[in-house]
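Student: Just dropping this structure here.
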Amino acid sequence: MQEGTSEEISVLSTRPIRALLIANPTAGGSYLHHEQQIADTLSYLRTNGWQAELQLTQEAGNAGTFARAAVQEQIDAVIAIGGDGTINEVIQELAGSSTALGVIPSGTVNVWAREVGIPLDFAGAREVLVHGQTRTIDLCQLNEHYFLLMAGIGIDGAVAHAVEQTPLKRLGVLGYLLIATWYGFGHSPFQVMLELDGKTIKVHALQIIIGNTQLYGGALKYTWLAKCDDGLLDICVVLKRNIFGRIVVLLDFLLRREQRRQWIRYERGQVVKIYTRYPEPIQVDGDYKGFTTSQQDEATVFKVIPGALKVIVPQQLPSELFTLR
Ligand SMILES: Nc1ncnc2c1ncn2[C@@H]1O[C@H](COP(=O)(O)OP(=O)(O)OP(=O)(O)O)[C@@H](O)[C@H]1O
1 MQEGTSEEIS VLSTRPIRAL LIANPTAGGS YLHHEQQIAD TLSYLRTNGW QAELQLTQEA
61 GNAGTFARAA VQEQIDAVIA IGGDGTINEV IQELAGSSTA LGVIPSGTVN VWAREVGIPL
121 DFAGAREVLV HGQTRTIDLC QLNEHYFLLM AGIGIDGAVA HAVEQTPLKR LGVLGYLLIA
181 TWYGFGHSPF QVMLELDGKT IKVHALQIII GNTQLYGGAL KYTWLAKCDD GLLDICVVLK
241 RNIFGRIVVL LDFLLRREQR RQWIRYERGQ VVKIYTRYPE PIQVDGDYKG FTTSQQDEAT
301 VFKVIPGALK VIVPQQLPSE LFTLR
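Counted the way full-length UniProt numbering counts, the sequence shown spans residues 1 to 325.
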């Protein structure tokens, strides 16, 4: 773990911190469960001198609208109370602005919170807002859409696509696992050409992961060398395997064995253009985001936008995820 060098967010300014809390009542289960904790968080922040207001989303898209208004009003921080999907909506608006992202995790998996060590309970997470530090990190883009964590093409894109369309979604993590098992064995490998900062790579892939950060789905690490402030994308291409081989790959990644390297190709760069012969499903920060183009002269483009987002994170950070001390 690394000692933070920034000051606490609350002492950076002589005036009160202005914050907008955006809560997704549908994230990770029922709102009733969180209602009192959200009220307690508001009063905790106000007691600590913050000017904090709350907006509840009514439907997908609201979080982005609220965040856009906050950026226009030059509010210091938008606090996303939800999961990674809500965070993804908010960062579309915060990117390139001086408004920082704070997070109170209340989603299903909460990958960003796990990655940087934000406590998964409301009381711990709000402590981080007041006593944490602000850092500037990179964001990535799929075409023009920002993402904070990672994007995937192949099996996980098919899973995200299916989850959106089936009632299994209501089963939460269990629904995901059932669909992931189905596609993990059933999704066909695909031919792909990657152009990475001018270098061409042609492979038969099962799965491509483009990571700004390391943690994947809360447990695995495909882009285990990624740093969120190094100005680079980390790319892990899982190569074609038969059904038995896929189980071996999964086990090697779950157990983080050194031999996992033989099943993949690991690259780093700033811009990667991806060409697939047939359309392949894409997920971004866990949500389905369409298919790769199969037009011969058109690419699906991923790039890194260095220093695009200010984030409020704990004083103690995982040193392997940050370059700047
Ligand atoms: N009031 C709402 N009603 C329906 N959908 C909403 C609402 N507010 C936000 N959403 C959408 O819900 C989706 C899922 O939310 P979110 O990702 O925050 O929770 P989750 O899926 O439980 O958590 P995680 O992504 O960490 O697993 C987001 O894509 C967001 O756009």
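Ideal placement from N, C-alpha and C gives every residue a C-beta, glycine not left out.
Within the present structure, is the beta-carbon of Gln259 separated from the nearest heavy atom of ligand 3 by less than 8 Å?
Tutor: Of the ligands one can find in the structure shown, namely ligand 1, none is ligand 3.
Student: Any idea which residues DSSP pairs Arg114 with across the strands?
Tutor: On the sequence shown, residue 114 is found 114 positions in, with the first residue counted as 1. Answer by DSSP bridge pairing: none, since Arg114 is not bridged.
Student: Would you kindly work out how many angstroms separate the C-alpha atoms of Gly175 and Pro16, rounded to a whole number?
Tutor: Taking the first residue of the sequence shown as position 1, residue 175 is located at position 175. Taking the first residue of the sequence shown as position 1, residue 16 is located at position 16. Spanning the two alpha carbons is a distance of roughly 43 Å.
Student: For Lys199, is the classification buried or exposed, using 16 other Cβ atoms within 10 angstroms of its Cβ as the cut-off for buried?
Tutor: The residue you call residue 199 lines up with position 199 of the sequence shown. Looking at its Cβ environment, which holds fewer than 16 other Cβ atoms inside 10 Å, Lys199 is exposed.
Student: Measuring only the C-alpha atoms, how far is Ala19 from Val237?
Tutor: On the sequence shown, position 19 is the one that residue 19 refers to. On the sequence shown, position 237 is the one that residue 237 refers to. Distance between the alpha carbons of Ala19 and Val237: 40 Å.
Student: Measuring straight from C-alpha to C-alpha, what distance separates His187 and Arg68?
Tutor: Here the question's residue 187 lines up with position 187 in the sequence shown. Here the question's residue 68 lines up with position 68 in the sequence shown. Approximately 38 Å between the Cα atoms of the pair.
Student: Can you tell me where the beta strand (DSSP E) with Leu120 in it begins and where it stops?
Tutor: Along the sequence shown, read from residue 1 onward, the residue named residue 120 stands at position 120. Where Leu120 is concerned, there is no enclosing beta strand (DSSP E), given that its DSSP letter is neither H nor E.
Student: For the beta strand (DSSP E) containing Arg135, list its first residue and its last residue.
Tutor: Translated into positions along the sequence shown, residue 135 becomes position 135. It spans Gln133 to Leu142 - the beta strand (DSSP E) in which Arg135 sits, taken as one unbroken run.
Student: Starting from Ile153, trace the beta strand (DSSP E) both ways and give me its first and last residue.
Tutor: Locating residue 153 in the sequence shown gives position 153, where the first residue counts as 1. From DSSP, the beta strand (DSSP E) with Ile153 extends over Met150 to Gly154.
Student: Suppose the cutoff is 6 Å on Cβ atoms and the five residues either side in sequence are ignored; what does the same chain contact list for Gly152 look like?
Tutor: Within the sequence shown, residue 152 is the residue found at index 152, counting from 1. The answer, listed in chain order, is Ile209 and Gln283.
Student: Could you tell me whether the stretch 104 to 114 touches the stretch 49 to 56, where touching means 3 or more Cβ pairs closer than 8 Å?
Tutor: No, they do not touch.
Student: Provide the residue(s) that pair with Val203 in DSSP beta bridges, ordered along the chain.
Tutor: Taking the first residue of the sequence shown as position 1, residue 203 is located at position 203. DSSP lists Val192 as partners of Val203.
Student: Give me the Cβ distance between Leu309 and Leu139, rounded to the nearest whole Å; I'm assuming they're in contact under 8 Å.
Tutor: Taking the sequence shown and counting its residues from 1, one reaches residue 309 at position 309. Taking the sequence shown and counting its residues from 1, one reaches residue 139 at position 139. Yes, they are in contact, since the Cβ atoms of Leu309 and Leu139 sit about 5 Å apart, within 8 Å.
Student: Does the beta carbon of Glu320 fall short of 8 Å from some heavy atom of ligand 1?
Tutor: By one-based count along the sequence shown, residue 320 stands at place 320. For ligand 1, not one heavy atom lies less than 8 Å from the Cβ of Glu320.
Student: Give me, in chain order, the residues of the same chain whose beta-carbon lies closer than 7 Å to that of Trp112; leave out the 5 immediate sequence neighbours on both sides.
Tutor: Within the sequence shown, the letter at position 112 stands for residue 112. Closer than 7 Å at the Cβ level, and outside the excluded window around Trp112, lie Asp84, Ile87, Val103, Leu148 and Leu149.
Student: By the DSSP assignment, the beta strand (DSSP E) with Ala67 in it spans what residues?
Tutor: Counted from its first residue, the sequence shown places residue 67 at position 67. Taken as a continuous stretch (DSSP letters only), Ala67 belongs to no beta strand (DSSP E), being part of the alpha helix (DSSP H) at Asn62 to Gln72.
Student: Does the stretch 54 to 64 come close enough to the stretch 251 to 262 that 3 or more CB-CB pairs lie under 8 Å?
Tutor: Verdict: no, contact absent.
Student: Which one of Glu144, Ile81 and Leu251 has the shortest CA to CA distance from Ala219?
Tutor: Within the sequence shown, numbered from 1, the residue matching residue 219 stands at position 219. Selected option, being the one with the closest Cα: Leu251.
Student: Using 8 Å as the threshold, is the stretch 267 to 283 in touch with the stretch 241 to 248, meaning 3 or more CB pairs across them?
Tutor: No: the two stretches stay apart, fewer than three of their Cβ pairs being nearer than 8 Å.
Student: Got a sec, what are the start and stop residues for the beta strand (DSSP E) Ile274 sits in?
Tutor: Taking the first residue of the sequence shown as 1, we reach residue 274 at position 274. Segment Val271 to Thr276, the beta strand (DSSP E) holding Ile274.
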